[in-house]
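J.:
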Amino acid sequence: MNDDAAVNDHDGGPSEWAVPGQVGVGPWTGDRPVDSRYDPELLDAGDTRNVVDAYRYWRREAVAGDLATRAHPFHVAIENFGHDHNIGTVVRTANAFAAAGVHIVGRRRWNRRGAMVTDRYLDVHHHDDTAGLVAFARERGLAIVAVDNTPDAQRLETADLPRDCVLLFGQEGPGVSGDARDAAALTVSIAQFGSTRSINAGVAAGIAMHAWIRRHADLNRAW
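The sequence shown lines up with residues 55 to 277 when you count with our numbering.
#1: Evaluate the contact criterion for the region 197 to 206 versus the region 226 to 243: three or more CB pairs, one atom per stretch, below 8 angstroms.
#2: My understanding is that VAL159 touches GLU133, with C-beta atoms under 8 angstroms, so please give their C-beta distance in whole angstroms.
#3: Thinking just about the alpha-carbon of each residue, which of PRO87, THR83, TYR111 is nearest to the one in GLU95?
#4: Could you give the distance in angstroms between the alpha-carbon of GLN246 and the alpha-carbon of TRP266?
#5: Can you tell which of HIS129, SER90, VAL106 has the C-alpha that lies nearest to the C-alpha of ARG113?
#6: Measure how close the beta-carbons of ALA271 and HIS126 come, nearest whole angstrom, since I'm counting them as under 8 angstroms.
#7: Could you check if ASP101 is buried or exposed, using at least 16 other CB atoms within 10 Å of its CB as the buried criterion?
#8: What is the rounded straight-line gap between the Cα of LEU273 and the Cα of ARG217?
#9: Which value, in whole angstroms, describes the spacing of the CA atoms of GLU115 and ALA150?
#10: Excluding five sequence neighbours on each side, which residues of the same chain lie with their C-beta closer than 8 angstroms to the C-beta of GLY195?
#11: What would DSSP say about LEU240, mapped onto helix, strand or coil?
#12: Give me whichever residues DSSP pairs with ASN149 in a beta bridge.
#13: Is the beta carbon of TYR175 closer than 8 angstroms to that of VAL117?
#14: Can you check DSSP and say which residues form a bridge with ALA131?
#15: For ALA255, would you say it is in contact with chain B, using Cβ-to-Cβ distances shorter than 8 angstroms as the test?
#16: Which two residues bound the contiguous beta strand (DSSP E) that contains ILE198?
#17: According to DSSP, is GLY78 part of a helix, a strand, or is it coil?
The structure is reproduced here in structure tokens:
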């Protein structure tokens with residue numbers, strides 16, 4: 055038992071710092087766990103990754119596998135026709151809310167820095183165009199929910215978000231493409247009260263995902 059780190063119970067919380075001022079945890083102390091989920095190299099060297107305490111010292115594949123069992127039935131998609139810099143933030147937030155998957159529509163390349171390596175633990179799909187995303191959603195019975203501040207959009211705050219859905223976000227500036235809006239079962243907008251015309255896609259994605267969580271998630275399963 056590693057008393058210093060106090061992170062070996064799978065019910066551990068989300069603390070990034072087991073020791074004040076120290077990112078992550080040091081080498082394992084005491085008897086080694088007899089469990090294939092643990093990574094011998096991390097046990098030897100310590101674990102400074104951006105993971106919740108429950109996954110300290112686990113192999114990457116073990117973390118991804120366990121997250122798959124915790125995944126919610128919503129997906130997140132973002133259009134990347136002009137190399138949107140918000141994608142990393144969207145991926146990281148999708149990981150935090152245990153989305154079933156993230157979909158990049160358009161350009162394959164995206165800036166992973168904002169994802170903080172969280173893309174390694176969830177399914178990230180690529181579609182060359184909107185038609186590819188629509189086909190994926192229809193095959194799996196997922197309703198597409200476009201998030202955009204168009205005049206005919208319903209308020210996210212009062213909309214009945216489907217449980218099995220794809221939350222779709224457009225690029226910074228132009229918003230959700232026309233093809234995506236046409237394919238959406240529902241378009242929702244986020245209520246704003248200030249002078250700016252829009253919220254960046256990374257922030258909007260977090261707000262929309264949390265709206266889904268509030269409506270459908272079992273909060274007893276949260277860390």
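Cβ atoms here follow ideal geometry from the backbone N, Cα and C, with glycine treated the same way. In this text, all values refer to a predicted model and were calculated from it rather than measured experimentally.
T.: On the basis of the supplied data:
#1: Inter-segment contact for the region 197 to 206 and the region 226 to 243 is present: three or more beta-carbon pairs are separated by less than 8 angstroms.
#2: Sure, about 5 angstroms apart at Cβ, within 8 angstroms.
#3: For the residues PRO87, THR83, TYR111, the minimum Cα distance to GLU95 belongs to TYR111.
#4: A direct Cα-Cα distance of roughly 18 angstroms separates GLN246 from TRP266.
#5: In terms of Cα proximity to ARG113, the closest of HIS129, SER90, VAL106 is SER90.
#6: Correct: roughly 6 angstroms between the Cβ atoms.
#7: So ASP101 counts as buried.
#8: Cα to Cα, LEU273 sits roughly 15 angstroms from ARG217.
#9: GLU115 and ALA150: Cα-Cα distance of roughly 17 angstroms.
#10: Correct list, in chain order: ASP218.
#11: In this structure, LEU240 counts as strand in the three-state DSSP scheme.
#12: ASN149 pairs with nothing; no bridge assigned.
#13: Result yes, Cβ atoms of VAL117 and TYR175 sit closer than 8 angstroms.
#14: According to DSSP, ALA131 bridges with HIS157, LEU222.
#15: The question asks about chain B, but that chain is absent: this structure has only one protein chain.
#16: Start and end: 197 to 201.
#17: If DSSP states are grouped into helix, strand and coil, GLY78 belongs with the strands.
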